[in-house]
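Quick note: the sequence shown uses this note's numbering, first residue 1, plus one each step.
Where a beta carbon is used, it is the ideal one built from N, C-alpha and C, also for glycine.
In this text, all values refer to a predicted model and were calculated from it rather than measured experimentally.
One structure below.
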Amino acid sequence: MKKSIVIFFFLLTNFTLAQSGWFSLTNSSPADLFDIYFVNSTTGIVAGGTLTYGLILRTTNSGVSWDSIDVPANGNMFRDLEFTDANTGYAVGNGGVIIKTTNAGANWTALVSGTTQNLRCISFYPSGTGATGMASGFNGTILKTVNAGANWTVLNTGLTTETLYSIQYVDGNIAYAVGGTQSNVHTIIKTTNGGTNWLPQSAGLNNLLRGVFFQDVNTGYAVGDNGNIIKTTNGGSNWQILAGGVTNSLLRDIYFVNSATGYIAAGFAKIYKTTNSGVNWIQQNTTATQDLQSVYFQNSSTGYIVGNKGVILKTVNGGVGVRKVSSEVPQSFSLNQNYPNPFNPTTEITFNISQAGFVLLKIFDLKGKEISNLINEKIIPGSYSMNFNASGLSSGVYYYRLTVNEYSETKKMVLIK
Numbered sequence: 001m002k003k004s005i006v007i008f009f010f011l012l013t014n015f016t017l018a019q020s021g022w023f024s025l026t027n028s029s030p031a032d033l034f035d036i037y038f039v040n041s042t043t044g045i046v047a048g049g050t051l052t053y054g055l056i057l058r059t060t061n062s063g064v065s066w067d068s069i070d071v072p073a074n075g076n077m078f079r080d081l082e083f084t085d086a087n088t089g090y091a092v093g094n095g096g097v098i099i100k101t102t103n104a105g106a107n108w109t110a111l112v113s114g115t116t117q118n119l120r121c122i123s124f125y126p127s128g129t130g131a132t133g134m135a136s137g138f139n140g141t142i143l144k145t146v147n148a149g150a151n152w153t154v155l156n157t158g159l160t161t162e163t164l165y166s167i168q169y170v171d172g173n174i175a176y177a178v179g180g181t182q183s184n185v186h187t188i189i190k191t192t193n194g195g196t197n198w199l200p201q202s203a204g205l206n207n208l209l210r211g212v213f214f215q216d217v218n219t220g221y222a223v224g225d226n227g228n229i230i231k232t233t234n235g236g237s238n239w240q241i242l243a244g245g246v247t248n249s250l251l252r253d254i255y256f257v258n259s260a261t262g263y264i265a266a267g268f269a270k271i272y273k274t275t276n277s278g279v280n281w282i283q284q285n286t287t288a289t290q291d292l293q294s295v296y297f298q299n300s301s302t303g304y305i306v307g308n309k310g311v312i313l314k315t316v317n318g319g320v321g322v323r324k325v326s327s328e329v330p331q332s333f334s335l336n337q338n339y340p341n342p343f344n345p346t347t348e349i350t351f352n353i354s355q356a357g358f359v360l361l362k363i364f365d366l367k368g369k370e371i372s373n374l375i376n377e378k379i380i381p382g383s384y385s386m387n388f389n390a391s392g393l394s395s396g397v398y399y400y401r402l403t404v405n406e407y408s409e410t411k412k413m414v415l416i417k
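And the structure:
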């Protein structure tokens, strides 16, 4: 039997882009939510729970309302989701629990995992038939299936007994797993033969890693405690620590929508975005107050984040917090001076759009290097405002440039910390 969980949110009727930034889909379940995935534009699944029960939520209307789905093994918290096609998906959780759906999350059946270790992540070979996947968890546990979950084999890495918080199957042979312990130990391991053998890698960190995301077999990122973000462009032979301005944050998950644009969900209700392949990370605004656990995007604009105490956030414009402050059509394009200026760490940028067009609003440093692409979308005529959060940047002079059709204007702003 389903329990209806209705989610209400306000729609901005005077703005064709609907809500901007990240807005909350308030759900009545108090459980912590750890992962979210959409099988199509309207149907999405959330996994979560508490120490005493597991929770699967499902929406068929893009998050307007959610149903709580009856699932087997619901005495165990669910921690991760993976779908191999629009219908077939898996969830893993505490006590070695693995459940499977073949109808887009409407019904679930329990699988025999062969372990009682708490599982934290599951990943299937993305270009395969949907039969081959791995799961990871406590005490260095890695499981593998080659028959769509009917049987699971415990793999012996011989390398670690630490918790492996995240695993990604990159191609038929290559997979990465990351993790560590609270005692300042990080773990990165890689296989190039489908899990038969594993090799250790190191990024020189003193904190554990919680999330990994590879764009291809060579380029990947991992995030973890104390604001650590690392990147490799050679399959993990070398890992570069990205400064990026993110410090003292518990980074939980990372997701890239293309080669340049990525997002991080973090503790203390923080969201970070990069538009230059991780060189800089800009904190995005949100009204959430709980730790955030996982981020997922359907496309370059529409994304979701879930977190503790039932938090579900959504954006339809890449998290950009632009607000329409007037529908009156201005006589001309204009970019106003930010206020306050100097500022620390937030400032307001306002501008006027006299004709509909594709709008770019970018931030540059003193040397002309692009720091962030704040707006990259079509906007109708009107007056607009947005808050820019520079908490991840160092003190100095920056420039912001508005480009619309044939119009372009640049102004200077000063960040003083």
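List the residues that DSSP assigns as beta-bridge partners of residue i.
{"i": "Tyr37", "result": "Ile45"}
{"i": "Arg252", "result": "Arg252 pairs with nothing; no bridge assigned."}
{"i": "Ile312", "result": "Val306"}
{"i": "Ala177", "result": "Ile167, Ile189"}
{"i": "Phe268", "result": "DSSP lists no partner for Phe268."}
{"i": "Gln240", "result": "Lys231"}
{"i": "Ala110", "result": "Ile99"}
{"i": "Gly133", "result": "Phe124, Thr145"}
{"i": "Asp365", "result": "Tyr398"}
{"i": "Asn419", "result": "Any answer about residue 419 is impossible in this case: the structure gives the chain only from 1 up to 417."}
{"i": "Arg210", "result": "Per DSSP, none; premise fails for Arg210."}
{"i": "Val359", "result": "Glu377, Val404"}
{"i": "Leu199", "result": "Lys190"}
{"i": "Ile282", "result": "Lys273"}
{"i": "Lys324", "result": "Tyr384"}
From what residue to what residue does the beta strand (DSSP E) around residue i run?
{"i": "Ile294", "result": "The sequence given here has Ser at residue 294, not Ile. Here the beta strand (DSSP E) through Ser294 covers 292 to 297."}
{"i": "Asn352", "result": "346 to 353"}
{"i": "Trp66", "result": "65 to 68"}
{"i": "Tyr125", "result": "No beta strand (DSSP E) holds Tyr125; DSSP gives it neither H nor E."}
{"i": "Met77", "result": "Careful: Met77 lies outside any beta strand (DSSP E) and carries neither H nor E."}
{"i": "Gly95", "result": "Element bounds for Gly95: n/a, residue is neither H nor E."}
{"i": "Tyr400", "result": "396 to 404"}
{"i": "Thr59", "result": "54 to 59"}
{"i": "Ser385", "result": "382 to 389"}
{"i": "Gln331", "result": "Run containing Gln331: none; DSSP gives neither H nor E here."}
{"i": "Gly224", "result": "220 to 224"}
Within a Cβ cutoff of 7 Å, which residues of the same chain sit near residue i, ignoring the five residues on either side of it in sequence?
{"i": "Thr192", "result": "Asn173, Ile174"}
{"i": "Ala31", "result": "Gly48, Gly49, Thr50, Leu55, Gly310"}
{"i": "Asn197", "result": "Thr191"}
{"i": "Ser391", "result": "Gln283, Pro345"}
{"i": "Ala73", "result": "Gly54, Val97, Ile99, Ala110"}
{"i": "Ser354", "result": "Val329, Pro330, Gln331, Ser332, Phe333, Pro381"}
{"i": "Met1", "result": "At Met1, the pLDDT of 37 sits below 50, so the modelled position is not reliable; the number obtained from the coordinates is stated separately. Excluding sequence neighbours, Met1 sits near Asp70."}
{"i": "Tyr407", "result": "Phe333"}
{"i": "Phe83", "result": "Tyr37, Val39, Gly89"}
{"i": "Asn418", "result": "Residue 418 is absent from the model: the chain starts at 1 and stops at 417."}
{"i": "Glu162", "result": "Gly140, Gly179, Gly180, Thr181, Val185, Thr187"}
{"i": "Glu370", "result": "Asn276, Lys362, Phe364"}
{"i": "Phe15", "result": "A caution first: Phe15 carries a pLDDT of 34, below 50, which makes its placement in the model unreliable, though a value can still be read off. Same-chain partners within the cutoff: Lys324."}
{"i": "Thr233", "result": "Asn218, Thr219"}
Below 8 Å on the Cβ atoms is my contact criterion, and I expect residue i with residue j to pass it. Report the Cβ-Cβ distance as a whole number of Å.
{"i": "Glu180", "j": "His186", "result": "With the sequence shown as reference, residue 180 is identified as Gly, and Glu is not the correct amino acid for it. With 8 Å as the limit, Gly180 and His186 qualify as a contact, their Cβ atoms being about 4 Å apart."}
{"i": "Ile167", "j": "Ile142", "result": "7 Å"}
{"i": "Val397", "j": "Leu361", "result": "No, Val397 and Leu361 are not in contact; Cβ-Cβ is about 18 Å, not under 8 Å."}
{"i": "Leu81", "j": "Ile312", "result": "That pair is no contact at about 14 Å."}
{"i": "Arg79", "j": "Phe124", "result": "The Cβ separation is near 16 Å, so there is no contact."}
{"i": "Ile271", "j": "Leu292", "result": "7 Å"}
{"i": "Gly236", "j": "Gln201", "result": "5 Å"}
{"i": "Arg401", "j": "Phe364", "result": "7 Å"}
Quick one: residues in its chain with C-beta nearer than 6 Å to the C-beta of residue i, no 5 flanking neighbours on either side, listed in chain order?
{"i": "Leu111", "result": "Ile98, Lys100, Gly149"}
{"i": "Val295", "result": "Asp253, Tyr255, Tyr263, Ala265, Ile305"}
{"i": "Tyr176", "result": "Gln168, Lys190, Val212"}
{"i": "Leu17", "result": "Summary for Leu17: the model assigns pLDDT 40, below 50, so the residue's position carries little reliability; its value from the coordinates is reported in the next sentence. Within the same chain, Leu17 has close Cβ partners Asn317."}
{"i": "Ser300", "result": "Val257"}
{"i": "Ala135", "result": "Val92, Leu119, Ile122, Leu143"}
{"i": "Ala203", "result": "Ile230, Trp239"}
{"i": "Trp152", "result": "Ser113, Gly114, Leu143, Thr145"}
{"i": "Thr302", "result": "Val316"}
{"i": "Tyr399", "result": "Phe364, Thr410, Lys412"}
{"i": "Leu155", "result": "Ile142, Lys144, Gly195"}
Once you ignore the five residues that flank residue i on each side, which residues in its own chain have a CB closer than 8 Å to its CB?
{"i": "Asn207", "result": "Gly180, Asn184, His186, Gly224, Asp225, Asn226, Asn228"}
{"i": "Asn107", "result": "Ile69, Thr101"}
{"i": "Lys417", "result": "Asn344, Pro345, Ser394, Ser395"}
inquiry  = Assess contact between the segment 244 to 251 and the segment 220 to 233, defined as three or more Cβ pairs (one per stretch) separated by less than 8 Å. Is contact present?
reply    = Taking 8 Å as the limit for Cβ pairs, the verdict is that the segment 220 to 233 does touch the segment 244 to 251.
| message | For the pair the segment 105 to 117 and the segment 320 to 339, tell me if three or more CB-CB distances fall below 8 Å. | response | The segment 105 to 117 and the segment 320 to 339 do not touch, with fewer than 3 CB-CB distances between them shorter than 8 Å.
Discussion item. Three Cβ pairs or more, each shorter than 8 Å: is that satisfied between the segment 363 to 383 and the segment 338 to 347?
Written reply: no
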